[in-house]
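Those protein sequence lines, which keep their order, are chains D and Z. With positions in the first sequence counted from 1, the corresponding number in this note's numbering is that position plus 95. With positions in the second sequence counted from 1, the corresponding number in this note's numbering is that position plus 421. Below is one structure, written out as structure tokens; comments come after it.
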Amino acid sequence: MDRNGHRAAPGNTGYTLIEMLLYCALLCGLLNLCTSAYISTIRVRALNDGVASSSQSTQWLTDDFVRTVRAAVGVGDAIGPYAAGTDTLILEVPPDEERRHARQYVVFARDATSHRLFRSEYAVAGNATELVRSTASLTPFKSLSFERSNTGRFAMRFAIERHGRAQRAENIHTVTATMRVVPLKRGV
Amino acid sequence: MNTQNSGSALIIAITFLLIVSAVAAGALALTDRRWSEERQWERQVVARHLAEAGIDSAIARFHSAGRFDIGDAATALGEGRFRVTAQPLPASHYRLVAIGECQPDDIVTARATIEAELAVSAKTVSIVRWEEKR
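Encoded structure:
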């Protein structure tokens with residue numbers, strides 16, 4: 096029996112206000128911790144999925160870049176709307192079977208509007224320049240630059256654009272390749 | 422007031438906090454390790470591309486000069502460098518060993534070795550064998 100005349104449960108006289116406040120504060124802290132841990136896990140999972148997806152995309156891109164450079168026979172200065180520069184690479188490749196009298200070029204360039212990497216092929220016969228085919232990467236690129244040497248060695252550096260809140264520093268990918276012949280250099 | 426029961430909420434809360442912290446730290450460490458593995462795999466790919474570039478560079482030299490004259494000097498390219506050595510074999514064959522090293526900050530973080538055998542004639546250079554060494 097307490098001083099107000101209420102009967103207390105045997106062995107339990109209840110909690111003081113301080114204990115209850117402390118309990119509430121701890122409970123709030125724990126709930127906050129659990130919620131943020133859960134949200135972080137979901138975010139990291141999404142980030143990992145994004146990285147895995149961009150890895151697949153870059154794998155395709157790097158393989159294609161290496162294949163193209165290996166097969167290339169020369170380097171171009173300009174073709175169609177493109178001019179070679181730090182963000183545009185123009186390579187002369189052996190022509191397709193049906194265009195064996197033309198000179199064929201492959202352009203790697205990042206589109207300024209969509210930020211996607213375009214791989215365009217042009218055929219030049221006489222004064223006529225024809226766009227043979229053009230493909231674009233699925234993912235947009237944050238940056239793209241090329242390093243080249245006169246001896247046919249190339250390095251391509253790029254970063255994939257990420258959506259959402261990135262938790263890590265920008266991941267710059269580098270892929271290198273060398274031509275299997277000494278490069279021809281002629282204006283287009 | 423029962424003094425034997427007064428601190429149980431605090432103890433339970435602290436125990437729960439410790440368990441949640443341990444799980445969170447474990448998850449974080451696991452994620453970080455996976456991330457590091459991914460980065461290392463990527464560096465390994467960069468090193469492999471450099472080694473392949475070394476072999477291709479040697480092929481270009483054979484095409485242009487009919488012989489390999491790069492020597493053992495390292496060639497810097499992109500995020501690293503490659504080094505190629507050539508050993509003549511009978512019947513105009515050459516055994517090439519290219520080592521690609523990924524070194525983004527002057528520290529070698531990954532290394533790949535590719536061994537190839539070329540058959541060199543007056544007009545053509547063909548690859549007889551291509552093997553990535555582990």
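For every residue, glycine included, the Cβ atom is placed at its ideal position computed from N, Cα and C. The structure presented is a predicted model; accordingly, all values stated were derived computationally and were not measured.
1. CB Ser240 of chain D to CB Asp182 of chain D, shorter than 9 angstroms?
2. To the nearest angstrom, how far is the alpha carbon of Gln465 of chain Z from that of Thr230 of chain D?
3. Could you please give the first and the last residue of the uninterrupted alpha helix (DSSP H) stretch that includes Ala443 of chain Z?
4. For Ile535 of chain Z, does the count of other Cβ atoms within 10 angstroms reach 16, so buried, or fall short, so exposed?
5. Would DSSP call Ile255 of chain D helix, strand or coil?
6. Is it a yes or a no for the region 518-538 of chain Z touching the region 452-469 of chain Z, going by three-plus beta-carbon pairs under 8 angstroms?
7. Closest Cβ-Cβ distance between Leu438 of chain Z and chain D: below 9 angstroms?
8. Could you name the residues that DSSP lists as bridge partners for Pro176 of chain D?
9. Do you know how far the Cα of Val270 of chain D is from the Cα of Arg252 of chain D?
10. Would you mind working out which of D:Ser152, D:Ile137, D:Asp144, D:Met274 sits nearest Thr234 of chain D, comparing C-alpha positions?
11. Below 8 angstroms on C-beta distance, what does His470 of chain Z contact in chain D?
12. Which word fits Arg165 of chain D, buried or exposed, when buried means at least 16 other C-beta atoms lie within 10 angstroms of its C-beta?
13. State yes or no: is the beta carbon of Glu242 of chain D nearer than 9 angstroms to at least one beta carbon in chain Z?
14. Taking a contact to mean a Cβ-Cβ separation below 9 angstroms, would you say Gly175 of chain D touches Ser215 of chain D in this structure?
15. Output the boundary residues of the beta strand (DSSP E) element that contains Lys554 of chain Z.
16. Of all Cβ atoms in chain D, is any one closer than 9 angstroms to the Cβ of Gly501 of chain Z?
17. If you draw a straight line from the C-alpha of Leu324 of chain D to the C-alpha of Asn266 of chain D, how long is it?
18. Please tell me whether Ala254 of chain D has its Cβ less than 9 angstroms away from any Cβ of chain Z.
19. Use the C-beta contact count for Met115 of chain D: other C-beta atoms within 10 angstroms, 16 or more gives buried, fewer gives exposed.
Quick look at the numbers:
1. Yes, Cβ-Cβ distance for Ser240 of chain D and Asp182 of chain D is below 9 angstroms.
2. 28 angstroms
3. 429-486
4. buried
5. strand
6. yes
7. yes
8. DSSP lists no partner for Pro176 of chain D.
9. 7 angstroms
10. D:Ser152
11. Thr157, Val161, Val270, Thr271, Ala272
12. A residue is called buried once 16 or more other Cβ atoms fall within 10 Å of its Cβ, and Arg165 of chain D is buried on that count.
13. Taking 9 angstroms as the threshold, the shortest C-beta distance from Glu242 of chain D to chain Z falls below it.
14. Yes, Cβ-Cβ distance for Gly175 of chain D and Ser215 of chain D is below 9 angstroms.
15. 546-554
16. Yes, Gly501 of chain Z lies at the interface with chain D (some Cβ there is under 9 angstroms from its Cβ).
17. Nothing in the structure corresponds to residue 324 of chain D, since chain D is present only between 96 and 283.
18. no
19. exposed
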